[in-house]
Amino acid sequence: MRKRALVLALTALFVVSIVLVGCAGEDVEAGTLQFHANGEDFVRQGFVSKDGWSINFDHVYITLADVAAYQTAPPYDPHCACPIDSEVKVGLDNVYTIDLAEGGEDADPILVGQVEDVDAGHYNAISWKMVKATSGPAAGYSLVIIGAAEKDGQSVDFTISVEAEYGYSCGEYVGDERKGIVEDGGTADVEMTFHFDHIFGDIEAPMDDHLNVGAIGFDPFADIAEDGELDVDMAGLQDKLSAEDYQILVDTLPTLGHVGEGHCYCH
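Per this note's numbering, the sequence shown starts with residue 8, numbered consecutively.
Listed below in structure tokens is the structure:
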């Protein structure tokens with residue numbers, strides 16, 4: 008009799024444990040995390056390079072892979088030049104070729120993808136890779152920049168294609184608002200930001216600003232255009248640009264990736 012009572016008690020305890028575990032699972036806070044890519048107004052609206060070329064973009068194709076966001080404590084510092092260490096990671100499974108110039112001048116950043124039912128909390132770090140597209144308009148390249156530039160009555164239609172692949176590890180988004188804070192039942196976003204003024208410079212910034220000092224400008228591209236057209240990849244640029252200008256471009260390309268105004272570790 009006592010043995011039977013013990014068995015019944017253990018059975019009841021087991022059932023209660025299952026119920027409690029189920030309830031605990033139901034109490035886990037979760038939401039949706041979106042991943043955006045942003046070429047900023049420089050891409051959507053155009054701008055004037057440091058050497059006076061008015062540049063407008065028709066397409067800026069960029070291919071992204073291994074996109075992931077993390078909850079890190081302490082916050083990830085990209086200046087450590089080290090991998091992101093985190094127990095909470097949310098990622099996108101696919102490879103995405105997007106056009107940063109898509110939409111009008113006031114278009115929102117491009118939605119790359121989203122993940123539902125992610126743990127609530129602050130996703131304060133992000134990583135991704137720029138990889139070569141295997142198909143589509145950017146096939147064979149990680150970045151294809153298509154547009155037109157004008158200066159003093161001269162115009163150049165250009166297509167600049169980049170084969171190099173880069174990986175980025177970044178900390179928290181730096182901007183007018185904080186990003187990546189997922190609340191229970193809510194939706195938050197993280198952003199991969201690309202600063203194309205790093206390549207061409209910006210006439211509105213002082214010429215001795217680090218942005219313009221490190222930028223190649225557009226004059227070197229215009230100088231190698233033929234009959235107002237330039238269609239070139241990195242091998243062609245290495246052949247046609249001066250060694251100094253080519254090296255400036257090579258050094259600049261890894262700095263494209265940001266999180267708002269926040270810096271990234273490129274590897």
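Here a beta-carbon is modelled for each residue, glycine too, at the ideal position from N, C-alpha and C. Values in this document were obtained by computation on a predicted structure and should not be read as measured data.
Determine the direct distance from the alpha carbon of residue j to that of residue i, and round the result to whole angstroms.
{"i": "A37", "j": "Y180", "result": "21 Å"}
{"i": "Q78", "j": "L263", "result": "23 Å"}
{"i": "E109", "j": "E184", "result": "23 Å"}
{"i": "I69", "j": "S56", "result": "21 Å"}
{"i": "T166", "j": "V220", "result": "24 Å"}
{"i": "E123", "j": "C87", "result": "31 Å"}
{"i": "S249", "j": "E268", "result": "31 Å"}
{"i": "A212", "j": "L218", "result": "8 Å"}
{"i": "G154", "j": "F64", "result": "4 Å"}
{"i": "E157", "j": "D58", "result": "11 Å"}
{"i": "H270", "j": "Q161", "result": "35 Å"}
{"i": "A31", "j": "P90", "result": "Bear in mind that a pLDDT of 42 at A31, under 50, signals an unreliable position, so the number given afterwards is only what the model happens to contain. C-alpha separation (whole angstroms): 33 Å."}
{"i": "M199", "j": "A44", "result": "5 Å"}
{"i": "V266", "j": "A80", "result": "18 Å"}
Count the other CB atoms, across all protein chains shown, that sit within 10 Å of the CB of residue i; report buried if there are 16 or more and exposed otherwise.
{"i": "V125", "result": "buried"}
{"i": "N101", "result": "exposed"}
{"i": "A146", "result": "exposed"}
{"i": "V35", "result": "exposed"}
{"i": "G143", "result": "exposed"}
{"i": "D115", "result": "exposed"}
{"i": "Q254", "result": "exposed"}
{"i": "E190", "result": "exposed"}
{"i": "G192", "result": "exposed"}
{"i": "L17", "result": "At L17, the pLDDT of 38 sits below 50, so the modelled position is not reliable; the number obtained from the coordinates is stated separately. Answer is exposed; the Cβ neighbour count stays below 16."}
{"i": "M214", "result": "exposed"}
{"i": "A195", "result": "buried"}
When the distance is taken between beta carbons, is residue j closer than 9 Å to residue i?
{"i": "L118", "j": "V50", "result": "no"}
{"i": "W60", "j": "F225", "result": "yes"}
{"i": "G235", "j": "D159", "result": "no"}
{"i": "I223", "j": "I206", "result": "yes"}
{"i": "Y272", "j": "G187", "result": "no"}
{"i": "I133", "j": "F228", "result": "no"}
{"i": "V95", "j": "G120", "result": "no"}
{"i": "F256", "j": "L244", "result": "Correcting the residue identity first, residue 256 is Leu in this sequence and not Phe. For L256 and L244, yes; Cβs fall inside 9 Å."}
Skipping 5 residues on each side, what residues in its chain have a beta carbon closer than 8 Å to that of residue i?
{"i": "K247", "result": "I231 and V239"}
{"i": "G98", "result": "D73, V74, A75, A76 and V122"}
{"i": "E112", "result": "D48, R51 and Q52"}
List the endpoints of the continuous beta strand (DSSP E) containing residue i.
{"i": "V169", "result": "Q161 to V169"}
{"i": "N131", "result": "That residue, N131, is in no beta strand (DSSP E); it is neither H nor E in DSSP."}
{"i": "L218", "result": "Premise fails: L218 lies in the alpha helix (DSSP H), H217 to V220, not in any beta strand (DSSP E)."}
{"i": "G120", "result": "I117 to D126"}
{"i": "D226", "result": "Here D226 belongs to no beta strand (DSSP E); instead the alpha helix (DSSP H) covers D226 to D230."}
{"i": "D106", "result": "Y103 to D106"}
{"i": "A195", "result": "T194 to F201"}
{"i": "D65", "result": "S61 to Q78"}
{"i": "K158", "result": "L150 to K158"}
Which residues mark the beginning and the end of the alpha helix (DSSP H) in which residue i is found?
{"i": "M214", "result": "No alpha helix (DSSP H) contains M214, which DSSP labels as neither H nor E."}
{"i": "H205", "result": "D204 to F207"}
{"i": "G38", "result": "From DSSP, G38 is part of no alpha helix (DSSP H) but of the beta strand (DSSP E) over A37 to N45."}
{"i": "E251", "result": "A250 to T259"}
{"i": "K247", "result": "M241 to K247"}
Note down, in chain order, each residue of its chain lying with its Cβ closer than 7 Å to the Cβ of residue i, except the 5 sequence neighbours on either side.
{"i": "D84", "result": "G178"}
{"i": "T104", "result": "Y68, T70, A140, G143 and A145"}
{"i": "F54", "result": "I62, D204 and D209"}
{"i": "V169", "result": "Y148, S149, L150, M241 and L260"}
For residue i, which residues from the same chain have a beta carbon less than 6 Å from its beta carbon, with the 5 sequence-adjacent residues on both sides left out?
{"i": "H274", "result": "G174"}
{"i": "L15", "result": "The predicted model places L15 with a pLDDT of 41, which falls under 50 and marks its position as unreliable; any figure quoted below should be read in that light. So the list is empty, once near-sequence residues are dropped."}
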